[in-house]
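Below: the structure, in structure tokens.
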Amino acid sequence: MKLIQATILCLASLVVISSAKAAIQARVPAAQMTIDSTLDLEKQTTQINPSVRPLQLAATVKSGTFVRAEQPTRGGASIVTQNGRSFLQLDAGFKTSSQGPDLVVALHRSSNVLGGTKAPNYALKSGDYIVLSRLKKFSGAQRYAIPANINLANYRSAVIWCRKFNATFGVASLG
């Protein structure tokens, strides 16, 4: 009985190893990586194509902290660049109210959105902002792509905004 169990275990191990090898080969084209399939670990080699750029770490360009406008909003916001693309990143401490029916994430031209708008809604004016996306979730880390044609120097704040009622929930001045 133990011999049968050992045989089944060996066969299962071979299936797992060959599945892993197939998965690796499917993810990395043969032109980029070759694997010596011998079991001698000293002879195994990996060759990486130098023309393939490695994933770069995100570099922070601007950052700020959300303050309340019409609704409680907190956490950090950062504009980061990675591999030639820009993103607005909300940190793990981000949280806003779920009371808006059409919440979006926007970049605003002013560094003082609350000072340039009126309570209680802090309504935004067309042309002063660009909507990046609908808000993905009311709390936690999230990331939004910034279109390549946007000049980041022209935008100084991140805004959580209820588009339907033109109400600003929270603002992070990005400096």
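Numbered according to mature numbering (1 follows the signal peptide of the UniProt record, and there is no 0), the sequence shown spans residues -22 to -1, 1 to 153.
The beta-carbon is built from N, C-alpha and C at its ideal position, and this holds for glycine as well.
Buried or exposed for residue i, please, with buried defined as at least 16 other CB atoms from any protein chain shown within 10 angstroms of its CB.
i    : result
K21  : Only weak support exists for where K21 lies, its pLDDT of 47 falling under 50; the value from the coordinates is given anyway. Its Cβ having fewer than 16 others within 10 Å, K21 is exposed.
T38  : exposed
A150 : buried
T12  : Confidence at T12 is low in this model, with a pLDDT of 44, below 50, so the placement of that residue should be treated as unreliable; the coordinate-derived value is given next. Exposed.
F72  : buried
G148 : buried
F44  : buried
A145 : buried
K40  : buried
Helix or strand or just coil, what does DSSP make of residue i?
i    : result
A84  : strand
L130 : helix
A47  : coil
Q34  : coil
Q77  : coil
S41  : strand
Can you tell me where the beta strand (DSSP E) with residue i in it begins and where it stops?
i    : result
T95  : Per DSSP, T95 belongs to no beta strand (DSSP E) and is neither H nor E.
G148 : A145 to S151
A55  : G54 to Q60
F116 : Here F116 belongs to no beta strand (DSSP E), and DSSP marks it neither H nor E.
R112 : Y107 to R112
A136 : S135 to C140
S64  : R63 to L68
Considering Cα atoms alone, identify which of the options is closest to residue i.
i           : options                  : result
A126        : T51, Q60, Q49 and G42    : Q60
S76         : L102, K115 and A70       : K115
R63         : L35, N144 and R134       : L35
N129        : H86, L113 and N90        : H86
N99         : A70, R46, R52 and I124   : R46
Q67         : A97, R121 and A136       : R121
R52         : K40, A70, F65 and N144   : A70
S89         : Y133, K103 and S104      : Y133
I108        : V83, A97 and S117        : V83
residue 155 : T74, G78 and D106        : In this structure the chain extends from -22 to 153, so residue 155 is not present and cannot be described.
A131        : I57, F143, A123 and S111 : I57
L102        : S135, S41, F65 and P50   : S135
Kindly give me the distance between the Cβ atoms of residue i and residue j, rounded to whole angstroms, as I take these residues to be in contact under 8 angstroms.
i    : j    : result
C140 : L81  : 6 angstroms
I124 : L113 : The Cβ separation is near 15 angstroms, so there is no contact.
Residue i CB to nearest chain D CB: under 7 angstroms?
i   : result
A70 : In the structure shown, chain D cannot be found, because there is only a single protein chain.
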